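Colleague: Dropping a structure here in C-alpha cells format, bear with me for questions.
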Amino acid sequence: MEYLDTKYFSYADPNDPIHRKALIRSIEFVTGQPYLYNIYRKYQKNPEKWKSFWDGCVDLLQLDVDFDEEKIKKIPSEGPLMIVANHPFGVLDGLVICWLTSKIRSEFKVLTHSLLLRASETKDFLLPIDFSESKNAMITNLETRKAARKILDEGGTIVVFPGGTVSTTKRFYNKTALDPSWRNFTSRLIKRSKPTILPLHFTGQNSFLFQAASHLSETLRSSLLFHEVKRRINTKVPVIIGDPISYSDIDENLSNTELSEYLRNTTYRINPIWKSKDVPLGKDFKEF
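In C-alpha cells:
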C-alpha cells in the first residue's frame, strides 16, 4: 500500500509560498494533524478490517451518523444520479457523504479540491476541481467536467458540494454559517445529463474559532480544517436525506443561476428549521 508522507497530509498546497505553507503546517501540527494522521495510519495497517475506506473512517473517528435508513431504500439503485449537499464542516461531511453514497451505489465520483487526491485510498472516488485560476487549473476542470458528464451519461453517480467552499458566517458577528450561492457548474451538468437529484442536508457548523479565523485570513481558515475534524471525533453527525427529484419535475425554463438557487433552497428546506424561511447566503470563498 502507498503510504502518504505526513508533510502531504495537510491543506498546505505545494505551490503555495513558503511562508504560507509553514504557517498552515505549524497550526495544523498543534491543532490536530498528528492525531488524525495516526488514525489514518491505523487504517492503513489493517484495511481488511473494514468493508471500505469510508467504513474505516466513520469507525475510527467514532462518528454516529444519524440518518433515516428508510430514505436510503427510496433512492434509485440504477440510472444517472447526482447527490448534492451543503458543506458545513469540510473534511467530515465529505467522508460521511461518501460513506452514505457507498450504501446506495458501489461506484461513484465526488467533485472535490484537487489537494484531496493525495491519499491513495480516495483516488478512485474523486474528480479534482482546481480553483487556482491557472492554465493547468482550467485544463483540470475541463477534464473533470467531461469525465462527470460521461459518468452520468452511463448511468453513474456524481456527488458534489455545489457551494464550492465550507459554510461560513456572512459577517464576523453572525451566528449561522451557511453556503454561499451554489456554483453553476452543477446546474450546467444537470441540464446536460438530466440525472435524478438527491439532496442531503448536514445539520451543524464549524466552531466560532473557525468562523472568526475565516474573516481574518484564508490561510488561518485552511489551517484549522483538521482542528474541526478532531473536535468532532466521537460525536453525532445528523444528515437529513431528501426525496429524489426527477429531472422531469424541474422547470426547464430555469436559468443555470435559478436552478442553482432552487437546488440550494430545496436542500436547506428539507431541514425543518428552514422549511418556511428564506435561506440567507454565507460568505464566499474559492477553495473546494
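Under the numbering used here, the very last position in the sequence shown is 289; numbers go up by exactly one each time. No residue lacks a Cβ here, since even glycine has one placed at the ideal position from N, Cα and C. These numbers were taken from a predicted model, which means no experiment stands behind them.
1) To the nearest angstrom, report how far apart N257 and E49 are at their CA atoms.
2) Any idea if R265 is buried or exposed, counting beta-carbon neighbours within 10 angstroms, 16 or more meaning buried?
3) From this set, L217, R222 and I198, which residue's C-alpha is nearest N207's C-alpha?
4) In angstroms with no decimal places, state the Cα-to-Cα distance between A213 and S249.
5) Report yes if the CB atom of I130 is closer than 8 Å to the CB atom of L143, and no otherwise.
6) Taking F186 as part of the alpha helix (DSSP H), name the residues at either end of that continuous run.
7) Contact between the stretch 66-82 and the stretch 225-241 is defined here as three or more beta-carbon pairs at a separation below 8 Å; is this criterion met?
8) Given a cut-off of 8 Å, decide if T197 and L82 are closer than it, judged by their beta-carbon atoms.
9) Given this structure, state the Cα-to-Cα distance separating T268 from L153, to the nearest angstrom.
10) Helix, strand or coil: how does DSSP classify L177 here?
11) Please tell me whether S168 and N87 are closer than 8 Å, where the distance is taken between their beta carbons.
12) Quick check on the DSSP output: the beta strand (DSSP E) that includes L127 runs from which residue to which?
13) May I ask you to list the residues that DSSP assigns as paired with L221?
14) Under the three-state reduction of DSSP, which class applies to V167: helix, strand or coil?
15) Taking 8 Å as the threshold, find out whether the stretch 26-37 comes into contact with the stretch 225-234 through three or more Cβ pairs.
16) Under 8 Å by Cβ, that's how I've got F10 and Y44 pegged, so tell me the actual separation to the nearest angstrom.
17) What's the C-alpha gap between N175 and S53?
18) Tell me which residues share the same chain as K75 and place their Cβ nearer than 6 Å to its Cβ, disregarding the 5 neighbours each side in the sequence.
19) What are the partner residues of I290, as DSSP defines its beta bridges?
20) For T220, which residues of its own chain have a beta-carbon under 8 Å away from its beta-carbon, when the five flanking residues on both sides are left out?
21) So, is F289 buried or exposed, given that buried needs 16 or more other C-beta atoms within 10 angstroms?
22) In whole angstroms, what separates the C-alpha of S194 from that of I19?
23) Hey, how far is the Cα of Y12 from the Cα of C58?
24) List the endpoints of the continuous beta strand (DSSP E) containing I159.
25) On the DSSP letters alone, give me the boundaries of the alpha helix (DSSP H) that L112 sits inside.
26) State the Cα-Cα distance for the pair D56 and F126, rounded to the nearest angstrom.
27) Beta-carbon separation of P181 and D279 under 8 Å?
28) Is the beta carbon of R184 closer than 8 Å to that of P200?
29) Does the distance from the C-beta atom of E79 to that of G156 stay below 8 Å?
Modeller: Per the coordinate set shown:
1) On the sequence shown, residue 257 is found 256 positions in, with the first residue counted as 1. On the sequence shown, residue 49 is found 48 positions in, with the first residue counted as 1. Those two C-alpha atoms are separated by around 44 Å.
2) Your numbering for residue 265 matches position 264 in the sequence shown. Counting Cβ neighbours within 10 Å, R265 comes out buried, since at least 16 surround it.
3) Walking along the sequence shown from the start, residue 207 turns up at place 206. Nearest of L217, R222 and I198 to N207, Cα basis: R222.
4) Mapped onto the sequence shown, residue 213 falls at position 212. Mapped onto the sequence shown, residue 249 falls at position 248. Each residue's alpha carbon lies about 42 Å from the other.
5) Start at 1 with the first residue of the sequence shown, and residue 130 comes out as number 129. Start at 1 with the first residue of the sequence shown, and residue 143 comes out as number 142. Going by C-beta atoms, I130 is not nearer than 8 Å to L143.
6) Taking the first residue of the sequence shown as 1, we reach residue 186 at position 185. F186 -> alpha helix (DSSP H) spans N185 to S194.
7) yes
8) Counted from its first residue, the sequence shown places residue 82 at position 81. Counted from its first residue, the sequence shown places residue 197 at position 196. Yes. Within cutoff.
9) Counting from one through the sequence shown, the residue named residue 268 turns up at place 267. Counting from one through the sequence shown, the residue named residue 153 turns up at place 152. Distance between the alpha carbons of T268 and L153 is about 21 Å.
10) On the sequence shown, residue 177 is found 176 positions in, with the first residue counted as 1. Sequence check: residue 177 is Thr here, not Leu. Residue state, collapsed to three classes: coil.
11) On the sequence shown, residue 168 is found 167 positions in, with the first residue counted as 1. On the sequence shown, residue 87 is found 86 positions in, with the first residue counted as 1. Yes, these two residues count as a Cβ contact at 8 Å.
12) Counting from 1 along the sequence shown, the entry for residue 127 is found at position 126. Element bounds for L127: L127 to I130.
13) What you label residue 221 is simply residue 220 of the sequence shown in a count that begins at 1. The partner list for L221 (beta bridge, DSSP) is empty, contrary to what the question assumes.
14) Counting from 1 along the sequence shown, the entry for residue 167 is found at position 166. V167: coil per DSSP, three-state reduction.
15) yes
16) Position 9 of the sequence shown, counting from 1, holds the residue named residue 10. Position 43 of the sequence shown, counting from 1, holds the residue named residue 44. Incorrect: roughly 13 Å between the Cβ atoms, too far for contact.
17) For the purposes of this step, residue 175 is taken as residue 174 along the sequence shown, with counting starting at 1. For the purposes of this step, residue 53 is taken as residue 52 along the sequence shown, with counting starting at 1. The alpha-carbon atoms of N175 and S53 are separated by roughly 39 Å.
18) Here residue 75 corresponds to residue number 74 of the sequence shown, with the count starting at 1. Hits under 6 Å: none found.
19) There is no way to answer for residue 290, as the model of the chain reaches only from 2 to 289.
20) Counting from one through the sequence shown, the residue named residue 220 turns up at place 219. Same-chain partners within the cutoff: R21, L24 and I25.
21) Translated into positions along the sequence shown, residue 289 becomes position 288. With a pLDDT of only 43 at F289, under the threshold of 50, the placement of this residue in the model should not be trusted, and no figure is reported.
22) On the sequence shown, residue 194 is found 193 positions in, with the first residue counted as 1. On the sequence shown, residue 19 is found 18 positions in, with the first residue counted as 1. Distance between the alpha carbons of S194 and I19 is about 42 Å.
23) Position 11 of the sequence shown holds residue 12. Position 57 of the sequence shown holds residue 58. Computed Cα separation, rounded: 18 Å.
24) Taking the sequence shown and counting its residues from 1, the one referred to as residue 159 is at position 158. First-last of the beta strand (DSSP E) with I159: T158 to V161.
25) As a first step, residue 112 must be located in the sequence shown, where it is residue number 111. That residue, L112, is in no alpha helix (DSSP H); its beta strand (DSSP E) goes K110 to H114.
26) By one-based count along the sequence shown, residue 56 stands at place 55. By one-based count along the sequence shown, residue 126 stands at place 125. Cα-Cα distance, rounded: 14 Å.
27) In the sequence shown, counting from the first residue as 1, residue 181 sits at position 180. In the sequence shown, counting from the first residue as 1, residue 279 sits at position 278. Against a cut-off of 8 Å, the Cβ pair of D279 and P181 comes out as no contact.
28) On the sequence shown, position 199 is the one that residue 200 refers to. On the sequence shown, position 183 is the one that residue 184 refers to. No, they are not a contact pair.
29) As a first step, residue 79 must be located in the sequence shown, where it is residue number 78. As a first step, residue 156 must be located in the sequence shown, where it is residue number 155. Yes, the Cβ-Cβ distance between E79 and G156 is below 8 Å.
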